[in-house]
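Below you'll find the structure, written out as structure tokens, and then a few comments.
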Amino acid sequence: MPHYSFYLCITRDSCYLFIKTRREHLIASAPQRDPAVPEYKPQIDGARFLAVFVVLIYHFFSSLQGPNKIFDLTTFIAFFFALSGYLITKILLVAKEIGLKKDRKRVTIAFVFLIRRTLRIFPAYYLYLLIIMLLPVGGYYLRNNAGMFFGYLSNFQIYKDQLWERFATPHLWTLAVEEQFYLIWPWLILFIPTRQLPKLFIFLIAAGIAFRLTYYALLGNVTQNVPFTVLTPACLDSFGLGGLLAYQHLYVRNRNPWIMRACAMILPLWIIMAYFGSSIWTVGFQRVFVSVFSLWGIEAANTGLKNLFGRFLQSKVVVYLGKISYGIYLYHLFAAFFFWRVFEKVSEFASGKGVSLAPLGNFLAKPFVNFIFYFITTVTLATLSWYLLEQPFNNLKRFIRIGRPKAKDALQKIPLEKEQLDQKLHDRKTG
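Taking the numbering used here, the leading residue of the sequence shown gets 6, the next gets one more, and so forth.
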């Protein structure tokens with residue numbers, strides 16, 4: 006028996022709900038692109054988890070933090086921006102190609118993309134904000150700046166205040182930058198001719214570098230608690246590089262050599278800049294270096310590593326952790342607070358029974374020990390969030406798609422499909 010699915014078809018004039026069999030659905034949705042690019046790349050999920058894991062290490066080991074560190078988190082975070090630039094650009098280019106072939110409006114394609122992104126990221130993000138706002142002390146900064154956080158503008162707020170709120174919101178600036186990217190990027194990708202897009206990507210790469218160099222030159226040697234690299238213009242080059250890789254994956258066959266040459270060229274420069282410490286050149290170009298090496302990692306994961314590390318990246322546990330990596334990133338700071346609150350309640354209960362858990366508390370306070378428990382707590386919260394909140398909303402995306410056949414054509418086929426189904430059932434009963 007064919008598997009039937011319901012879809013919402015958005016056309017120029019109307020919306021239709023129509024039914025397609027799984028086979029026809031797969032045929033209709035297959036994009037025309039480089040066949041070397043696989044549909045799903047589990048190693049990308051693995052790489053995403055490793056990147057989030059580095060963030061956890063950075064936040065849970067205070068000795069790694071500080072504005073004077075050569076390699077701070079605001080530099081490493083370029084990997085996430087490059088990956089987002091790659092994945093989102095690829096999604097939009099495929100949607101653009103399919104949608105225009107099916108006579109869809111560019112505005113419709115853009116809004117479908119935005120709705121799908123909203124279903125993926127908004128529920129968990131806003132739930133997290135609401136939880137933090139309810140905390141008497143930990144939610145103070147968020148309550149005072151709720152509009153900026155709910156409006157995905159927290160990166161500008163923390164830069165203006167020059168304040169890293171240490172409890173549960175300092176990492177949200179990256180999500181603000183990405184959401185601002187999501188709101189602008191579809192209109193550029195969809196309305197600029199595809200053949201002209203490489204010029205856009207190169208312009209953004211240059212603009213990001215120029216912004217950091219100019220801003221640093223104007224500030225001089227002023228030390229900032231919150232660096233200006235949290236501002237969206239300072240992140241443009243990472244998105245541009247990711248977009249350039251996506252374009253090459255879809256439209257350029259010979260794409261690998263330039264990435265390897267770029268890595269070989271910038272590695273010695275990176276080492277020299279790191280050796281001489283913070284300077285205008287380090288501020289201007291270090292994020293570019295991270296982004297280029299990120300592209301190399303994305304390319305390797307996209308192609309599929311055949312060695313032991315590749316098998317690790319696509320192992321079931323790592324791929325699963327990559328799937329819930331958004332929740333891991335979102336909840337990890339709150340998880341540390343939650344862990345100690347639970348331990349505090351357990352200690353109070355044990356104390357009432359005449360048992361002291363102080364030695365256990367001292368043991369759990371050791372950095373490597375509490376990291377393990379923080380990680381377990383974080384994964385637990387992210388898992389609950391995925392199955393109870395994120396996945397149900399994410400599943401709604403199947404009703405909002407671009408590139409389906411015209412509704413009237415689909416509706417015309419329903420009687421024929423029903424007749425074929427009835428005939429197969431009859432043959433099965435009589436056979």
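Each residue gets a CB set at the ideal place from its N, CA and C atoms; glycine is no exception.
Inter-stretch contact at 8 Å, needing at least 3 Cβ pairs: the stretch 104-121 / the stretch 189-204 = In short, these stretches touch, since the Cβ pair count reaches three.
request  = Within the same chain, show all residues whose beta-carbon is closer than 8 Å to that of Y336, passing over the 5 residues directly before and after it, in chain order.
outcome  = The beta carbon of Y336 lies closer than 8 Å to those of Y133, T383, L386, A387 and S390 in the same chain, with the five residues before and after it left out.
message = With a threshold of 6 Å on Cβ separation, who are the neighbours of R292 within its own chain once the five nearest residues in sequence on each side are excluded?
response = Correct list, in chain order: T80 and A83.
request  = Could you tell me the distance, in whole angstroms, from the CA atom of Y157 to the CA atom of L188?
outcome  = If I take the Cα positions, the gap works out to 11 Å.
message = Once DSSP output is grouped into helix, strand and coil, what is the label at I329?
response = I329: coil per DSSP, three-state reduction.
request  = Go ahead and label R109 buried or exposed: buried means 16 or more other beta carbons lie within 10 angstroms of its beta carbon, across all protein chains shown.
outcome  = By the Cβ neighbour-count rule, R109 is buried, with 16 or more other Cβ atoms within 10 Å of its own.
message = Would the stretch 146-164 count as touching the stretch 207-219 if we require 3 or more Cβ pairs under 8 Å?
response = Judged by pairs of C-beta atoms under 8 Å, the stretch 146-164 does not touch the stretch 207-219, as fewer than three such pairs exist.
message = Please tell me whether S299 and L61 are closer than 8 Å, where the distance is taken between their beta carbons.
response = Not a contact, by the Cβ cut-off of 8 Å.
request  = Would you mind sorting V99 into buried or exposed? The rule is 16 or more other CB atoms within 10 Å of its CB.
outcome  = Counting Cβ neighbours within 10 Å, V99 comes out buried, since at least 16 surround it.
message = Excluding the 5 residues flanking P72 on each side, which residues of the same chain have their C-beta closer than 6 Å to its C-beta?
response = Its pLDDT being 42, under 50, P72 is placed unreliably by the model, and nothing is read from it.
message = For L224 and S284, what's the separation of their Cα atoms in angstroms?
response = Taken atom to atom, the span from the alpha-carbon of L224 to that of S284 is near 12 Å.
ask   = Can you name, in chain order, every residue of its own chain whose Cβ lies under 6 Å from the Cβ of V323, other than the five neighbours on each side?
value = For V323, where only same-chain residues beyond five positions count, the Cβ hits under 6 Å are G51 and F54.
message = Quick check on this structure: which residue in G247, F343, G366 and L313 has the alpha carbon closest to the alpha carbon of I96?
response = Considering only alpha carbons, the answer is G247.
query = Enumerated in chain order, which unbroken segments of the alpha helix (DSSP H) with a length of 4 residues or greater are wholly contained in the stretch 273-330?
reply = Listed in chain order, they are 285-308, 313-318 and 321-328.
Local conformation of I405 per DSSP, three classes = Reduced to three states, the DSSP call for I405 is strand.
task = Assign H176 to one of three DSSP states: helix, strand, or coil.
result = In the structure shown, H176 sits in coil (DSSP, three-state: anything other than H, G, I, E or B).
query = For P128, which residues of its own chain have a beta-carbon under 7 Å away from its beta-carbon, when the five flanking residues on both sides are left out?
reply = A distance below 7 Å between beta-carbons, with the five flanking residues on each side excluded, links P128 to the following residues of its chain, in chain order: L394, E395 and F398.
ask   = Can you tell me the Cα-Cα spacing of Y130 and Y146, whole angstroms?
value = Roughly 17 Å between the two C-alpha positions.
query = Quick one: what's got a C-beta closer than 6 Å to Y221's C-beta in the same chain, skipping five residues either side?
reply = I285 and V288.
task = Could you spell out where the alpha helix (DSSP H) holding P372 opens and where it closes?
result = Residues P372 to S390.
For P238, the three-state DSSP class (helix, strand or coil) = In the structure shown, P238 falls within a helical segment according to DSSP collapsed to helix, strand and coil.
ask   = According to DSSP, is Q162 helix, strand or coil?
value = DSSP places Q162 in helix when its eight states are reduced to three.
ask   = Counting pairs of beta carbons, one from the stretch 363-383 and one from the stretch 336-345, are three or more of them closer than 8 Å?
value = Contact holds: three or more Cβ-Cβ distances are below 8 Å.
task = Would you check if the distance between the CB atom of N160 and the CB atom of V142 is smaller than 8 Å?
result = Cβ distance not < 8 Å, so N160 and V142 don't count as in contact.
query = For the 8 Å Cβ check, are there 3 or more pairs between the stretch 293-313 and the stretch 230-238?
reply = Touching, no, given that fewer than three Cβ pairs across the two stretches are closer than 8 Å.
task = Would you kindly work out how many angstroms separate the C-alpha atoms of F172 and L255, rounded to a whole number?
result = A direct Cα-to-Cα measurement between F172 and L255 gives close to 42 Å.
task = Using three-state DSSP, classify L139 as helix, strand or coil.
result = Coil at L139, not helix or strand.
request  = Using three-state DSSP, classify N149 as helix, strand or coil.
outcome  = In this structure, N149 counts as helix in the three-state DSSP scheme.
query = Does the beta-carbon of G357 have 16 or more other beta-carbons within 10 angstroms, so that it is buried, or is it exposed?
reply = Residue environment for G357: exposed (fewer than 16 other C-beta atoms within 10 angstroms of its C-beta).
message = Tell me the residue span of the alpha helix (DSSP H) that contains K106.
response = For K106, the enclosing alpha helix (DSSP H) covers residues A83 to K106.
message = Tell me which residues share the same chain as F196 and place their Cβ nearer than 8 Å to its Cβ, disregarding the 5 neighbours each side in the sequence.
response = So the qualifying residues of the chain are R111.
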